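**Student:** Structure in structure tokens, see below.
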Amino acid sequence: MASFVRLGIVLLLAVNMVHGVPRENFKTCEQSSFCRRCRKVEPGKTAYELLPNTVAHNESTLYIELYNKDTGVHYNVELTALKGNLFRLLINEKNPLHPRYQVEYALQDHPQLAKLDLVEKTATHITVANGANKAILFVSPFKIDLYSGDHLIISTNARGLMRFEHMRTKPEPKQEHPEQPDPEHVEKAPEPATPEFPGDGAENDPGAWEENFKSHHDSKPFGPEAVALDFSFPGAEHAYGIPEHADSFALRSTKSSEPYRLYNLDVFEYEVNERMSLYGAVPVLYAHGKEKTSGVFWLNAAETWVDILSKADNNVVESIVNFVSGSAKKPQVDAHFMSESGVIDVFFLLGPEPMDVFTQYTKLTGTAHLPPIFSLAYHQSRWNYNDQEDVQQIADNFDKYDLPMDVMWLDIEYTDSKKYFTWDKRKFPNPLEMIKNLTTKGRKLVVIIDPHIKRDSNYFLHNEATNNGYYVKHRDGKDYEGWCWPGASSYLDFFDPKVRDYYGSLYDLSKFEGTTNDVHIWNDMNEPSVFNGPEVTMPKDLVHYGGWEHRDVHNINGLVYTMATYDALFKRSGGTLRPFILSRSFFAGSQRFAAVWTGDNTAEWSHLQASYPMCLSLSISGISFCGADVGGFFKNPDSELFVRWYQAGAWLPFFRQHSHIETKRREPWTFNDEVINIVRESLRLRYSYLPLWYTLFREHEINGTPVLRPIWAHYPAESDSFAIEDQILVGDSILVKPVFEPSVTEVSVYFPGEGKVAWYDIDTLQKYGDVSKLSIPVTLHRIPVFQREGSIVPRKMRIRRSTVAMKNDPYTLVVIADTQGQAKGNLYIDDEASFEYRHGKYLYLRLKLEGKKLTSTLLQKLAAYSTKSWLERVDIVNPPKGITKAVLHSKAQGKIDLEAKYNPNNHVLTVRKPGVNMGEEWTIELIA
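What the sequence shown shows, in mature numbering (1 follows the signal peptide of the UniProt record, and there is no 0), is residues -20 to -1, 1 to 908, in sequence order.
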């Protein structure tokens, strides 16, 4: 009976949460004692000073001690030069009472060191240099200025907001009514006891040694241990990054409001235009201005708050440099990072261009492996498809209505009573047959695996985890128990390598019966979500492997979970097939293991609009593989919102419809014929551009460049674009402007290039861009999408039911010549599924138009892949005048005359059926 009652409470909690964000369940900065302390530090009164006589250095690192003159505490400072215009600053206590956590797993490898020269050492400052970059460390007050040439890029602790709360012993409580001594035996009273390191006042904060929030108690056995540091970016106009928030792409000032919070939480039906924490945390921030772009990566996995001050605050910092020229003030962005525990470990990204800082960050945290191509196609999901017959009927209807679809999804109801790695035998009696029916038509299946483990003595996983001590523990060593979808649940400790190995073994096809290598994984609820926990997550004073408290590692819980899943799927196929994993929670580096989505959104226009800035923030923060639930997870979209979401979702990397269990069924055919037709158009458009998506993801893996990009990434001096978040660039060639409002007949489009770059409507090939802003008419059937002049975009125009069916289909090249008669683009081809490309089995082609010659050459001559795909068509916009025919030159086919036809209405020259294999190098000569 007790377990039944508890399960009822869990379900009640879940239902209540579905009716809006219960803000009272989530902390504000003022309710978080460390945030409150850090935010109250007075600017310009820093107590930290360097000790110049402690300087030491080697080829890449400067070592020096830092001293807090108020507390007497000493800190070790390391400033390291890294290759690629980066510095790393590491500050830790010299003699901490206990070890302080330094983040693991986020970096892909040890950063590559660069040469660091000690240029100057005086009583007031120390200067070090790496090539054209230099850092000046000021002794008192402590400050570090980073330069590129003579330009100040970033200043650290310029506002004096640094705080590093040292480890200390808990003060003894004072007696309120001490006993009165016998007057005849009075001895001299001892001096009052002083704290070991007085001065910062942290031990006097009521939340320093224990803290209560609602009914939850945090024991804080190590007391106050917060770290904080401020950064200033002279010349910057806006800050970006620090996802995940349902807020604007350009970060807003927090001068008179809550800071941005980074603390992975399960926030049901979250609201837009808020700085509240959501499911993931990537503590990288970029500052951009007309002249340069730079950034900082704050490597800390504890709860973190970030204050932003922008040019709107007129916050010129006189302690940095005098920016006054007459009465004008140069813009500046300031940021203040505050974390509950850990060390100060920060990477400085010195740019100078936007694409430079993006790739500097991914050099540290890694890139996504090239996704299997099916994962870039369309996914169909719901909580939940009822049974095996339902799954088959949905898949059949996609064929019936001629709608391409690659992946079917199953949510938690496929399991036996919420026990993962099992099937509900009544609803899914023969999962292998169901999977075979999908794969026969080239489709895949994704099933959900969540981190909560049902506490059921008849569940093998619970018994094995209990017997082997694999669960996260209380401080007394007992297994932690919380509530989630199964009711009473415990949580595997994925920080323990033995637990990760054990978990990984569960994916073996001999253990997870009813699955094949065509079944991929969805990791949800991995913040972790705990319905009865503080802020719907784990208590901070739980203990993980290595003795670390949950407070130290909370934000990387989702990362280590997906890391274990990735390793499991990799081993399951013997290391041959690329895994696909979707994760709700993430941290810096999560891109190496999983795609993400924006979580439990709502069928409202504001949530559709929020999907673009949210995915832009993720994309520039290393996580390119992002999407949002098409149609909204909660509530029911009307037909207009539904089709507009498909049109917008078709231009986000992850493209999936998903909905809540209480919503109406919303497969496209549940609407009218017009809706079906528009959805079909959106899906077919997405599939036609898969060669572009696939190429961009390969280039992301190679170079670290984001797949989705803000306009200022390629047009950094165009200040009118700095706050644009309702348009995106896909690569550098496609400009997308969805419709984010109901009943509109036109939308305003910003065309980058200041009138010097032409953009062409992908459907009509009408030219735009003579003016920077223009109202473009729209109908319900289409949104404005444009291709840039000077680009070549590969497409596949024979749309079939799935990517498997399209694998060997021919390519079409859309070539738009610039005013010089030139255009270029790339195309990447491989087997679309395996890791064989890492062994040289691929084609990476450079496509180039120069005057009257269109060529395809191999960018990697040593790579080779045998493809059956061939070139079906070439459309050249703005071709050379007077062309009457074309001639193909290739080694395999020699010289072949081709049909070439010019359309004067849209200025397009079409070359039909060159027929050359895409694996060859070839030239098409245009002849007048």
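Backbone N, C-alpha and C fix where the C-beta goes; we use that ideal spot for every residue, glycine too.
Values in this document were obtained by computation on a predicted structure and should not be read as measured data.
Do Val867 and Asp877 have their C-beta atoms closer together than 8 Å?
**Tutor:** Counting from 1 along the sequence shown, the entry for residue 867 is found at position 887. Counting from 1 along the sequence shown, the entry for residue 877 is found at position 897. Yes, the pair counts as a contact, with Cβ atoms nearer than the cut-off.
**Student:** Report all residues from its chain with a CB closer than 7 Å to the CB of Ser586; omit the five preceding and five following residues, and keep chain order.
**Tutor:** Position 606 of the sequence shown, counted from the start, is the residue given in the question as residue 586. Same-chain partners within the cutoff: Val252.
**Student:** At the level of alpha carbons, what is the spacing between Lys200 and Leu522?
**Tutor:** Position 220 of the sequence shown, counting from 1, holds the residue named residue 200. Position 542 of the sequence shown, counting from 1, holds the residue named residue 522. Rounded to the nearest angstrom, the two C-alpha atoms are 10 Å apart.
**Student:** Provide the residue span of the alpha helix (DSSP H) that contains Tyr482, from first to last.
**Tutor:** Here residue 482 is taken as the residue at index 502 of the sequence shown, counted from 1. It spans Pro477 to Ser485 - the alpha helix (DSSP H) in which Tyr482 sits, taken as one unbroken run.
**Student:** Take Pro764 and list the residues in its own chain whose beta-carbon comes closer than 6 Å to its own, dropping the five residues that flank it on each side.
**Tutor:** Here residue 764 is taken as the residue at index 784 of the sequence shown, counted from 1. For Pro764, where only same-chain residues beyond five positions count, the Cβ hits under 6 Å are Lys717, Val729 and Ile756.
**Student:** List in chain order: all unbroken alpha helix (DSSP H) runs of 4+ residues lying wholly within the stretch 781 to 846.
**Tutor:** Those alpha helix (DSSP H) runs which fall completely within the stretch 781 to 846 and span 4+ residues are 783 to 786.
**Student:** Could you check the C-alpha separation between His638 and Lys644 for me, to the nearest Å?
**Tutor:** Within the sequence shown, numbered from 1, the residue matching residue 638 stands at position 658. Within the sequence shown, numbered from 1, the residue matching residue 644 stands at position 664. Taking the straight line from one Cα to the other gives about 11 Å.
**Student:** Which runs of the beta strand (DSSP E) fall wholly inside the stretch 35 to 101 and span at least 3 residues, in chain order?
**Tutor:** Within the stretch 35 to 101, the complete beta strand (DSSP E) runs of at least 3 residues are 41 to 48, 54 to 62, 66 to 73 and 97 to 101.
**Student:** Here's a check: name, in chain order, each residue in its chain whose Cβ is nearer than 6 Å to the Cβ of Val323, leaving out the five neighbours to either side.
**Tutor:** Locating residue 323 in the sequence shown gives position 343, counting from the first residue. Cβ within range, chain order: Asn72, Arg80 and Gln82.
**Student:** Using a Cβ-Cβ cut-off of 6 Å (strictly less than) and excluding sequence neighbours within five positions of Pro690, which residues of its own chain qualify?
**Tutor:** Numbered from its first residue, the sequence shown carries residue 690 at position 710. The answer, listed in chain order, is Leu596.
**Student:** Taking a contact to mean a Cβ-Cβ separation below 8 Å, would you say Asn65 touches Asp325 in this structure?
**Tutor:** Here residue 65 corresponds to residue number 85 of the sequence shown, with the count starting at 1. Here residue 325 corresponds to residue number 345 of the sequence shown, with the count starting at 1. Result no, Cβ atoms of Asn65 and Asp325 do not sit closer than 8 Å.
**Student:** Note down the Cα distance separating Asp532 from Glu58, rounded to an integer number of angstroms.
**Tutor:** Indexing the sequence shown from 1 puts residue 532 at position 552. Indexing the sequence shown from 1 puts residue 58 at position 78. Their backbone Cα atoms lie some 22 Å apart in a straight line.
**Student:** For Arg552, collect the residues of the same chain with a Cβ closer than 7 Å to its Cβ; drop the 5 residues on either side in sequence, then sort them by chain order.
**Tutor:** Walking along the sequence shown from the start, residue 552 turns up at place 572. So the list reads Tyr487, Asp488, Leu489 and Asn497, once near-sequence residues are dropped.
**Student:** So for Lys150, helix, strand or coil by DSSP?
**Tutor:** Numbered from its first residue, the sequence shown carries residue 150 at position 170. Three-state DSSP puts Lys150 in coil, outside helix and strand.
**Student:** Sort Ser135, Leu141 and Thr104 by Cα distance to Gly24 and report the nearest one.
**Tutor:** Within the sequence shown, the letter at position 44 stands for residue 24. With distances taken between Cα atoms, Gly24 lies closest to Leu141.
**Student:** Give the range of the beta strand (DSSP E) segment to which Ala267 is assigned.
**Tutor:** Here residue 267 refers to the residue found at position 287 when the sequence shown is read from its first residue. Per DSSP, Ala267 belongs to the beta strand (DSSP E) from Val264 to His268.
**Student:** Can you list, in chain order, the residues of its chain whose CB lies under 6 Å from that of Leu93, leaving out five sequence neighbours each side?
**Tutor:** The count along the sequence shown starts at 1 and reaches residue 93 at position 113. These residues qualify, in order along the chain: Ser40.
**Student:** Does DSSP put Gly895 in a helix, in a strand, or in coil?
**Tutor:** Taking the sequence shown and counting its residues from 1, the one referred to as residue 895 is at position 915. Correct three-state label for Gly895: coil.
**Student:** Going by alpha carbons, who is nearest to Ser619 out of Gly629, Pro593, Asp653 and Ser591?
**Tutor:** Stepping through the sequence shown from its first residue, residue 619 is reached at position 639. Ranking the options by Cα distance to Ser619, first place goes to Asp653.
**Student:** Within the present structure, is the beta-carbon of Val21 separated from the nearest heavy atom of the ligand HEM by less than 7 Å?
**Tutor:** Looking at this structure, you won't find the ligand HEM or any other ligand, since it has none at all.
**Student:** So which of His640, Phe277, Arg775 and Asn75 has the shortest CA-CA distance to His316?
**Tutor:** Taking the sequence shown and counting its residues from 1, one reaches residue 316 at position 336. Among His640, Phe277, Arg775 and Asn75, the Cα nearest to that of His316 is on Phe277.
**Student:** Per the contact definition of three or more C-beta pairs closer than 8 Å, is the stretch 821 to 831 in contact with the stretch 794 to 801?
**Tutor:** A contact exists between the stretch 794 to 801 and the stretch 821 to 831.
**Student:** Between Ala219 and Tyr240, what straight-line distance do the alpha-carbon atoms span, to the nearest angstrom?
**Tutor:** Here the question's residue 219 lines up with position 239 in the sequence shown. Here the question's residue 240 lines up with position 260 in the sequence shown. Rounded to whole angstroms, Ala219 to Tyr240 spans 12 Å at the Cα level.
**Student:** Please state the DSSP three-state secondary structure of Lys520.
**Tutor:** Within the sequence shown, the letter at position 540 stands for residue 520. Correct three-state label for Lys520: coil.
**Student:** Does the beta-carbon distance from Val452 to His524 come in below 8 Å?
**Tutor:** Numbered from 1 along the sequence shown, position 472 holds the residue referred to as residue 452. Numbered from 1 along the sequence shown, position 544 holds the residue referred to as residue 524. Yes. Within cutoff.
**Student:** Going straight from the alpha carbon of Val727 to that of Gly749, what length do you get?
**Tutor:** Taking the first residue of the sequence shown as 1, we reach residue 727 at position 747. Taking the first residue of the sequence shown as 1, we reach residue 749 at position 769. Distance between the alpha carbons of Val727 and Gly749: 15 Å.
**Student:** Can you tell me whether DSSP reads His165 as helix, strand or coil?
**Tutor:** Numbered from its first residue, the sequence shown carries residue 165 at position 185. Residue placement at His165 is flagged as unreliable, the pLDDT there being 42, under the threshold of 50; the coordinate-derived value follows with that caveat. Helix at His165.
**Student:** Start and end of the alpha helix (DSSP H) containing Asn537?
**Tutor:** Reading the sequence shown from its first residue, position 557 is the one you call residue 537. Start and end: Asn537 to Arg552.
**Student:** Kindly indicate which residue of Asp210, Phe328, Arg780 and Pro32 has the alpha-carbon position closest to the one of Leu289.
**Tutor:** Start at 1 with the first residue of the sequence shown, and residue 289 comes out as number 309. Selected option, being the one with the closest Cα: Asp210.
**Student:** Report the rounded CA-to-CA distance for Phe67 versus Ile44, giving the unit in angstroms.
**Tutor:** Here residue 67 corresponds to residue number 87 of the sequence shown, with the count starting at 1. Here residue 44 corresponds to residue number 64 of the sequence shown, with the count starting at 1. Between Phe67 and Ile44, the C-alpha separation is close to 15 Å.
**Student:** Can you tell me where the alpha helix (DSSP H) with Met414 in it begins and where it stops?
**Tutor:** Position 434 of the sequence shown, counted from the start, is the residue given in the question as residue 414. Element bounds for Met414: Pro411 to Thr419.
**Student:** On the three-state DSSP scale, how would you describe Val655?
**Tutor:** Along the sequence shown, one-based indexing puts residue 655 at 675. Three-state DSSP puts Val655 in a helix.
**Student:** Buried or exposed for Gln214, going by 16 or more other Cβ atoms inside 10 Å?
**Tutor:** In the sequence shown, the residue the question calls residue 214 occupies position 234. The sequence shown places Pro at residue 214, rather than the Gln named in the question. Pro214 should be labelled buried.
**Student:** In whole angstroms, give me the CA-to-CA distance for Lys399 and His432.
**Tutor:** As a first step, residue 399 is located in the sequence shown; it is residue number 419 there, counting from the start. As a first step, residue 432 is located in the sequence shown; it is residue number 452 there, counting from the start. Distance between the alpha carbons of Lys399 and His432: 9 Å.
**Student:** The beta strand (DSSP E) with Phe317 in it runs from where to where?
**Tutor:** Residue 317 sits at position 337 when you count from the first residue of the sequence shown. That run of the beta strand (DSSP E) goes Gln312 to Ser319.
**Student:** Taking Thr847 as the reference, give the member of Tyr791, Gln767, Thr51 and Phe622 with the closest Cα.
**Tutor:** What you label residue 847 is simply residue 867 of the sequence shown in a count that begins at 1. Measuring from the Cα of Thr847, the nearest candidate turns out to be Tyr791.
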